[in-house]
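By the count of the working numbering, the sequence shown reaches residue 795 at its end, each step adding exactly one. Below is one structure, written out as structure tokens, with a few remarks after it.
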Amino acid sequence: MNHADIAPARFSAVLEAAEAAGRAIPPAFPLDATVAVNPFLGQTGEDLASTAARLARVAGVRVTCTGAEYAAAIKDGRISADNLAEALAASPSPLKPATVTALREMAVTLGDGPAPRALPTVADLAAEATGIDWPALIDKCIGLWAAGHFDRGQALWSPAPGAEAFTAWRGWALHDLTPEIAGLDGFCAHVACAPDTTERAILSAAETLGLSDAAAPTAFHRLAMSLGGWAQHARWLLWQAELVGDTDRTLMDLLAIRLIWDEALLLRTPQIADRWAATVAAHAVPITATAEDVALAILQDAADRGHQRRLAAALDGAAPQGERPFLQAAFCIDVRSEVFRRALESVDHSIATIGFAGFFGLPLAHHAHGSDILEARLPVLLNPAVNTTSAGDPAKDQASRINARSQRAWGRFRQAAVSSFAFVEAMGPVYAVKLVKSALGLGNTAKSEPAPEVIGGMSAAAKADTGAAVLKAMSLTQGHGAVVLLLGHGGNTTNNPHESAYHCGACGGYTGEVSARLLAILLNDPETRAGLAERGVDVRADTLFVAGLHDTTTDDITIYEDGLPAARSGDLARVRKWLAQAAKVARAERAVRLPGARGNTIAARAQNWAEIRPEWGLAGCAAFIAAPREATAGRDLGGRAFLHSYDWQADAGFGTLELIITAPVVVASWISLQYYGSSVAPEIFGGGNKLIHNVVGGIGVIEGNGGKLRAGLPWQAVHDGEHLAHEPLRLSVMIEAPREEMLKILEKHASVRALFDNGWLHLFALKDGKVDARYLPGLKWADQQPEMLAA
5 MNHADIAPAR
15 FSAVLEAAEA
25 AGRAIPPAFP
35 LDATVAVNPF
45 LGQTGEDLAS
55 TAARLARVAG
65 VRVTCTGAEY
75 AAAIKDGRIS
85 ADNLAEALAA
95 SPSPLKPATV
105 TALREMAVTL
115 GDGPAPRALP
125 TVADLAAEAT
135 GIDWPALIDK
145 CIGLWAAGHF
155 DRGQALWSPA
165 PGAEAFTAWR
175 GWALHDLTPE
185 IAGLDGFCAH
195 VACAPDTTER
205 AILSAAETLG
215 LSDAAAPTAF
225 HRLAMSLGGW
235 AQHARWLLWQ
245 AELVGDTDRT
255 LMDLLAIRLI
265 WDEALLLRTP
275 QIADRWAATV
285 AAHAVPITAT
295 AEDVALAILQ
305 DAADRGHQRR
315 LAAALDGAAP
325 QGERPFLQAA
335 FCIDVRSEVF
345 RRALESVDHS
355 IATIGFAGFF
365 GLPLAHHAHG
375 SDILEARLPV
385 LLNPAVNTTS
395 AGDPAKDQAS
405 RINARSQRAW
415 GRFRQAAVSS
425 FAFVEAMGPV
435 YAVKLVKSAL
445 GLGNTAKSEP
455 APEVIGGMSA
465 AAKADTGAAV
475 LKAMSLTQGH
485 GAVVLLLGHG
495 GNTTNNPHES
505 AYHCGACGGY
515 TGEVSARLLA
525 ILLNDPETRA
535 GLAERGVDVR
545 ADTLFVAGLH
555 DTTTDDITIY
565 EDGLPAARSG
575 DLARVRKWLA
585 QAAKVARAER
595 AVRLPGARGN
605 TIAARAQNWA
615 EIRPEWGLAG
625 CAAFIAAPRE
635 ATAGRDLGGR
645 AFLHSYDWQA
655 DAGFGTLELI
665 ITAPVVVASW
675 ISLQYYGSSV
685 APEIFGGGNK
695 LIHNVVGGIG
705 VIEGNGGKLR
715 AGLPWQAVHD
725 GEHLAHEPLR
735 LSVMIEAPRE
745 EMLKILEKHA
755 SVRALFDNGW
765 LHLFALKDGK
775 VDARYLPGLK
785 WADQQPEMLA
795 A
């Protein structure tokens, strides 16, 4: 094909469709720093019913629960008649059922009906015509190449290091005889004749496949979805590049590769031409939600309202504020902290807790002890601004580096083809002892790194500015306790590729002790303290800031005594006693939910390398509440709410409110929707079965020995073996702040507003600890009394 024959407008439209298809895919972060991602990130500009129609076409998945599941929720009272009526009235669709009775009947009629079927790819049609499973072969061939090309240090050899993906794949595919052995004659020659640049390859294949401008967007999206986790990894590469003002071509490269496969199959399977032409015509039809899509979306809204009814009943007004607490413990807003906070406050009346994003507002790029890897310990929406290190003693740091290099060399020796079999024969008995110790959870001891420090140091003014900014954001400008405990958090699991997913999302998938320790050191620094008062922060002279780490798997708390005065050892002993008491209470509560667990077995489960559910992570998350602690203190929220401390009366200019709505709320929405997507559409947005996972390239996992890279949460993270452990709900955001100020922020940030206008999040205004108003699409509020929600 001569590209000069293609009109410039056509040229542009095809490439724009390819670019848009890539951006409709969610990013998947590598295993070493996994963070939750909204799987519907590319669809937040449309509502749930429209997204259902789109993903039915391009992925063949349902994006809600089944009708039978909603019918069961109606029957057992989780969805009330009022919830159904309100959800039905709120839907603007002309396709919605006429009455609540009709909606109920539709839930029963839909039942457990089959999932929708995606429009077929050429590979799907060729498989039906030839009896050869071409989609599986494509997954295998692309996956084998991609595992080596995108490897992040696991592989011993990469086929074309440094080359762009499309170029590297062409070099590989020219010599890969697997397709030809399977029956695709001349595939290597076809690759050789294909254009050698990404854009021209896309244009050429699109022309061969007969993709019109109208058909290209969802046809390309269909192929991108068929690439599974590899497309999501490429989307992550683009995400990372754009954070620093750059770009990345890998998504387009992968689409070109996948198009070349379908082009070759269409040319060599002419009997499917008519069916493919009909498929192209179907892709050209505008996406519109069906009556079933609309009904299921309304039922989902009713389910969300059912939870909101129960939550509003729990929030029955602010509790009275007590005297100055002895201990103020600041936890991450993570829902797992809610259980421990409630337990800790029950131990002694002189304890108060605070909720704040676990990176404590410090945008750190950190070098761990003995490492040159730069760890971005902050939300993935932000760029680092402060470089820190835990190098400590140079001699010890160097020794750690040498030890790490020795371990890597030994590991590569064990894996190398020339030595692996001999290694097993010679060292098997020795490693048998290691395997037994691992199975029993022995010998796994965590080591504390040296205290972090800012590279290059900070001036006295910078220390005071940073300390004041953090304390103001925490609504902690006065009334500090004698001890203020700053707790980061992280999980503690063994033999778990998704370990970082249990760590702190606000810390970029790392544990949170670096931020906590650095902030405690900073706030205890005399230079910082001397400058706080003139910046509007009143910290008492006897207030001591202490850093710690909350292990969310075992509920153990580690205290870091980084330069703390010996005279306060009695206070710290008192704090440790309270923390140990609270840990027992929290473990007992959490053990009820964990299959086969008891309160005294929690720690052992964390060290059991065969344990597939060491903890539930954030399963069950359903609400985000930003308000003074008095609004939620003493309320049992079941470990399902992100709790962010916020006092709007102390927020001059509402800068903190804007930060909460545009950062923690968005991060919480990613977590909520990842759990939602992994629950309702596990086949496309879930990580598969933990029992057969194999790690690939340090990037992600595959099931068994081949196939697609699986992104999202493993099935065991959302399911207990019999029932879903996560109730698929969209996050309800409740903020105690003036309504007009929240509207100003949404009007300013269109992408955040879209989350609420299109129903991916629900927004409520609180007043005096009670639900006061519900946000409506279009920057409007509807007065909402708690009694109405509790009906």
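Yeah, the Cβ is synthetic: ideal placement off N, Cα and C, and Gly gets one too.
Cβ neighbours of ALA595 in the same chain (closer than 8 angstroms, five flanking residues each side left out): ALA601, ARG602, GLY603, THR605, ILE606
Which of helix, strand or coil DSSP assigns to ARG580: helix
Sequence-distant residues of the same chain with beta carbon closer than 7 angstroms to ALA218, five excluded per side: ALA288
Where ALA421 sits in the DSSP three-state scheme: The pLDDT assigned to ALA421 is 48, lower than 50, so where the model puts this residue is not dependable, and the model offers no usable value.
Straight-line gap, ALA626 to LEU269 (C-alpha atoms, nearest Å): 46 angstroms
Three-state secondary structure assigned by DSSP to ARG174: Note: ARG174 maps to helix in three-state DSSP.
CA nearest to the CA of ALA56, picked from TRP785, LEU386, ILE291: Ranking the options by Cα distance to ALA56, first place goes to ILE291.
Residue of ARG279, ASP252, TRP173 minimising C-alpha distance to ILE261: TRP173
Inter-stretch contact at 8 angstroms, needing at least 3 Cβ pairs: the region 580-590 / the region 558-568: yes
Proximity winner among GLN236, GLY147, LEU271, relative to SER208 (alpha-carbon distances): LEU271
For GLU379, the first and last residue of its enclosing beta strand (DSSP E): 378-381
CA-to-CA distance, GLY365 to VAL700, given in whole angstroms: Roughly 33 angstroms separates the two Cα atoms.
ILE749 - partner residues in DSSP beta bridges: Answer by DSSP bridge pairing: none, since ILE749 is not bridged.
8 angstroms Cβ cutoff met for ALA486 and LEU576: no
Three-pair Cβ contact test at 8 angstroms for the region 690-698 versus the region 729-748: As far as the Cβ criterion goes, the region 690-698 does not touch the region 729-748, which means the pair count is below three.
Completely contained alpha helix (DSSP H) runs for the region 628-680, where each covers 4 or more residues: 659-666
Secondary structure of GLN325, DSSP reduced to three states: Here GLN325 sits in coil by DSSP.
Three-way DSSP call (helix, strand, coil) for PHE44 in this model: coil
Bridge-paired residues (DSSP) for GLU457: THR393
Start-to-end residues for the beta strand (DSSP E) that takes in LEU598: Here LEU598 belongs to no beta strand (DSSP E), and DSSP marks it neither H nor E.
Bounding residues of the alpha helix (DSSP H) (the contiguous stretch that carries LYS476): 464-477
Beta-carbon separation (whole angstroms), LYS3 vs GLU531, contact threshold 8 angstroms: The structure shown has nothing for residue 3, since the chain only spans 5 to 795.
According to DSSP, residues forming a beta bridge with LYS774: Under DSSP, LYS774 forms a beta bridge with LYS771.
Contact the region 104-115 vs the region 227-247: 3+ CB pairs below 8 angstroms: no
Distance between GLN47 and PRO98 (C-alpha atoms, nearest Å): Computed Cα separation, rounded: 21 angstroms.
Residue span of the alpha helix (DSSP H) that contains TYR564, given as start and end: TYR564 -> not in any alpha helix (DSSP H); beta strand (DSSP E) instead, spanning 561-564.
Paired residues, beta bridge with THR357 - DSSP: ALA333
DSSP bridge partner residues for TYR779 (one or two, in chain order): As a beta-bridge residue in DSSP terms, TYR779 pairs with TRP785.
For SER682 and GLY725, believed in contact at Cβ under 8 angstroms, the rounded distance: About 16 angstroms separates the CB atoms of GLY725 and SER682; that is not less than 8 angstroms, and the two are not in contact.
Pairwise C-alpha distance: TRP613 and ASP776: 48 angstroms
Three-state class that DSSP yields for ASN698 in the structure shown: Looking at ASN698 - three-state DSSP - the assignment turns out to be strand.
Backbone secondary structure at ASP278 - three-state DSSP: ASP278 falls in the helix class under three-state DSSP.
For SER736, the residue or residues it bridges with in DSSP: In the DSSP output, where bridge partners are listed per residue, SER736 has ALA627, HIS766.
Three-state secondary structure assigned by DSSP to LEU19: helix
Cβ pair GLY540, PHE33 closer than 8 angstroms: no
Three-state secondary structure (DSSP) of LEU489: strand
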